[in-house]
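Numbering-wise, the numbering used here comes out as the position in the sequence shown, counting from 1, plus 80.
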Amino acid sequence: MSSKNTTTVDAPKVPVKQRIIHALSYELILLVIGTPILSWVLNKDLSHTGMLWVVMSVIAMLWNMCFNAVFERFERRMNWQVRTIAVRVVHAIGFEGGLLLFTVPIIAWMMQISLWQALILDIALAMCIVVYTFIFQYCYDQIMAKQTQHQKP
């Protein structure tokens with residue numbers, strides 16, 4: 081029961097190794113894309129924005145593993161068999177919203193700006209990252225669904 085807008089999921093318990101691969105691939109791709117863009121937008125040295133991305137990525141990886149574990153547990157409890165667009169939107173917004181709580185103080189400190197400026201910057205980044213999260217998660221789910229199909233006898 082799969083179409084362009086949904087992905088059938090069994091919502092199995094995901095092994096820690098797979099969670100680590102998921103988080104590392106997500107953050108590495110985002111780091112490669114985000115560092116030069118942030119450097120250009122803020123007119124800051126690439127090494128400065130790169131360090132900020134690395135710190136934020138470490139925080140985000142830890143949050144990613146925790147958030148996805150809770151989200152998938154909730155998914156199993158609700159007995160959801162399909163990840164609809166609405167579920168994907170809730171996932172992306174929930175992840176980024178929770179991450180804001182951790183990253184705003186870090187951005188303010190590292191970029192030497194006020195908490196208000198850091199919040200505005202982080203919201204702008206989160207708006208872009210929500211789109212990235214949605215696309216990444218959709219592609220990741222498609223790859224995992226194909227791997228699961230190939231493993232079935």
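Ideal Cβ positions, reconstructed from N, Cα and C, are used throughout, including at glycine.
Predicted model, so just to flag it, every value in this text is computed and none were measured.
Endpoints, the alpha helix (DSSP H) within which residue i is located
i, result
"D202", "195 to 231"
Beta-carbon proximity of residue i to residue j, cut-off 8 Å
i, j, result
"Y106", "N144", "yes"
"A188", "L195", "yes"
"R163", "D125", "no"
"Y218", "L110", "no"
"V184", "A198", "yes"
"I209", "E176", "yes"
"M136", "A103", "no"
"V94", "E155", "no"
"R157", "F214", "no"
Neighbourhood of residue i by C-beta, 6 Å cutoff - its chain only, sequence neighbours within 5 removed
i, result
"M190", "L132"
Proximity test, Cβ basis, 8 Å: residue i and chain D
i, result
"M191", "The displayed structure is made up of one protein chain only, and chain D is not part of it."
Beta-carbon proximity list for residue i, same chain, < 7 Å, skipping 5 on both sides
i, result
"L201", "I187"
Give the list of continuous alpha helix (DSSP H) stretches no shorter than 4 residues that lie fully inside the segment 95 to 172.
If we require 4 residues or more, the alpha helix (DSSP H) runs fully inside the segment 95 to 172 come out as 96 to 122, 126 to 157.
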